[in-house]
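S.K.: Numbering (mature numbering (1 follows the signal peptide of the UniProt record, and there is no 0)), first residue to last: -26 to -1, 1 to 211.
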């Protein structure tokens, strides 16, 4: 098991070596790129936003162009990894339009809604939903955990560093620690969109898929670049 103090040291060490900056594909620090080639990402699935067991039309694609991953033209999709991850460090840059709405799936199963059956780290411009709760804005674990502070930069590139090790989650946005959470302490049930109760965060999987959501309005699409992952423990702890 990775102790909490150990996770904090991991976060500090990664920040010191510049985790929010791009690293070379041949880096010896254990980080590997998520999207190495242009075009449709290999090793990823395009699925429906509210149930990732459902494929969407084969013509609906996420594409990498000039090193930047672009969300699907059709609103309401997830790009989900075929591979599952347990404990890991994930880092990437993202940019949204004025009505942009996206999210990062963490330890999600390949069924249901990652926001309620796994975890979803929000990426959402406040103009998408001006009445959104803090946990529904950038840096929140959707409808479950609000960030310590709001440091999202609208319509600019933002940088996430996410560390998941056992029950411990640390999230850094634009160099600021915004989440420092013991998942075992998150005992409150979470309300789904239909009003039914989803499991508390403490009962969500400790291993699963990662992914990115496209739910923007008004022709705005999420953009992702410099996405790298480092596996700490394949099975989760």
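All residues carry an ideal CB built from backbone N, CA and C; glycine is no exception. Keep in mind the model is a prediction, meaning the values are calculated, not measured.
Please report how far the alpha carbon of residue 60 lies from the alpha carbon of residue 96, in whole angstroms.
M.R.: Sequence index remark: in the chain shown, residue 60 carries index 86 (1-based). Sequence index remark: in the chain shown, residue 96 carries index 122 (1-based). Going by the C-alpha atoms only, they are around 20 angstroms apart.
S.K.: Is residue 111 near the ligand ADP, in the sense that its beta carbon is under 7 angstroms from a heavy atom of that ligand?
M.R.: Ligands in the displayed structure: none, and consequently the ligand ADP is not present.
S.K.: Tell me residue 85's beta-bridge partners as DSSP assigns them.
M.R.: Here residue 85 corresponds to residue number 111 of the chain shown, with the count starting at 1. DSSP output for residue 85 lists no bridge partner at all.
S.K.: Suppose the cutoff is 8 angstroms on Cβ atoms and the five residues either side in sequence are ignored; what does the same chain contact list for residue 108 look like?
M.R.: For this step, residue 108 is matched to residue 134 along the chain shown. The residues are 114, 120, 121 and 124.
S.K.: Using only the alpha-carbon positions, how far apart do residue 75 and residue 185 sit?
M.R.: Counting from one through the chain shown, the residue named residue 75 turns up at place 101. Counting from one through the chain shown, the residue named residue 185 turns up at place 211. Rounded to the nearest angstrom, the two C-alpha atoms are 14 angstroms apart.
S.K.: Since residue 22 contacts residue 51 with CB under 8 angstroms, what's their CB separation in whole angstroms?
M.R.: Here residue 22 refers to the residue found at position 48 when the chain shown is read from its first residue. Here residue 51 refers to the residue found at position 77 when the chain shown is read from its first residue. 7 angstroms between Cβ atoms; contact.
S.K.: Using CA atoms only, rank isn't needed, just tell me which of 98, 183, 159 and 127 is closest to residue 196.
M.R.: Looking up residue 196 in the chain shown gives position 222. It is 98 whose Cα lies nearest to the Cα of residue 196.
S.K.: Go through its chain and collect everything with a Cβ distance to residue 188's Cβ below 8 angstroms, but skip five positions before and after it.
M.R.: Position 214 of the chain shown, counted from the first residue, corresponds to residue 188. Excluding residues within five positions, the ones whose Cβ falls inside 8 angstroms are 23, 36, 45, 46, 48, 49, 50, 51, 52, 53, 76, 195 and 196.
S.K.: Can you tell me the Cβ-Cβ gap for residue 81 and residue 199, rounded? I've got them flagged as a contact below 8 angstroms.
M.R.: Locating residue 81 in the chain shown gives position 107, where the first residue counts as 1. Locating residue 199 in the chain shown gives position 225, where the first residue counts as 1. About 23 angstroms separates the two Cβ atoms, so there is no contact after all.
S.K.: Under DSSP, the beta strand (DSSP E) around residue 182 begins and ends at which residues?
M.R.: The residue labelled residue 182 in the question sits at position 208 within the chain shown. Start and end: 182 to 188.
S.K.: Going by DSSP in three states, residue 91 sits in which element: helix, strand or coil?
M.R.: For the purposes of this step, residue 91 is identified with residue 117 of the chain shown, where counting begins at 1. Correct three-state label for residue 91: helix.
S.K.: I'd like to know whether the C-beta atoms of residue 201 and residue 8 end up nearer to each other than 8 angstroms.
M.R.: By 1-based counting over the chain shown, the position of residue 201 is 227. By 1-based counting over the chain shown, the position of residue 8 is 34. For residue 201 and residue 8, yes; Cβs fall inside 8 angstroms.
S.K.: How about residue 176 and residue 62: do their beta carbons lie closer than 8 angstroms?
M.R.: The sequence position of residue 176 within the chain shown is 202, counting from 1. The sequence position of residue 62 within the chain shown is 88, counting from 1. Going by C-beta atoms, residue 176 is not nearer than 8 angstroms to residue 62.
S.K.: Would residue 129 and residue 210 be called neighbours here (beta carbons separated by less than 8 angstroms)?
M.R.: As a first step, residue 129 must be located in the chain shown, where it is residue number 155. As a first step, residue 210 must be located in the chain shown, where it is residue number 236. Against a cut-off of 8 angstroms, the Cβ pair of residue 210 and residue 129 comes out as no contact.
S.K.: In this structure, what does DSSP give as the bridge partners for residue 144?
M.R.: Taking the chain shown and counting its residues from 1, the one referred to as residue 144 is at position 170. DSSP output for residue 144 lists 137 and 154 as bridge partner(s).
S.K.: Please report the distance separating the alpha-carbon of residue 171 from that of residue 17.
M.R.: For this step, residue 171 is matched to residue 197 along the chain shown. For this step, residue 17 is matched to residue 43 along the chain shown. Straight-line Cα distance between these residues: approximately 32 angstroms.
S.K.: Measure how close the beta-carbons of residue 148 and residue 158 come, nearest whole angstrom, since I'm counting them as under 8 angstroms.
M.R.: Looking up residue 148 in the chain shown gives position 174. Looking up residue 158 in the chain shown gives position 184. That belief does not hold up - the Cβ atoms of residue 148 and residue 158 are roughly 28 angstroms apart, past 8 angstroms.
S.K.: Please return the same chain residues whose Cβ sits closer than 8 angstroms to the Cβ of residue 110, not counting the five positions on each side in sequence.
M.R.: Residue 110 sits at position 136 when you count from the first residue of the chain shown. Counting only Cβ-Cβ distances below 8 angstroms, and skipping sequence neighbours, we find 96, 98, 103, 116 and 117.
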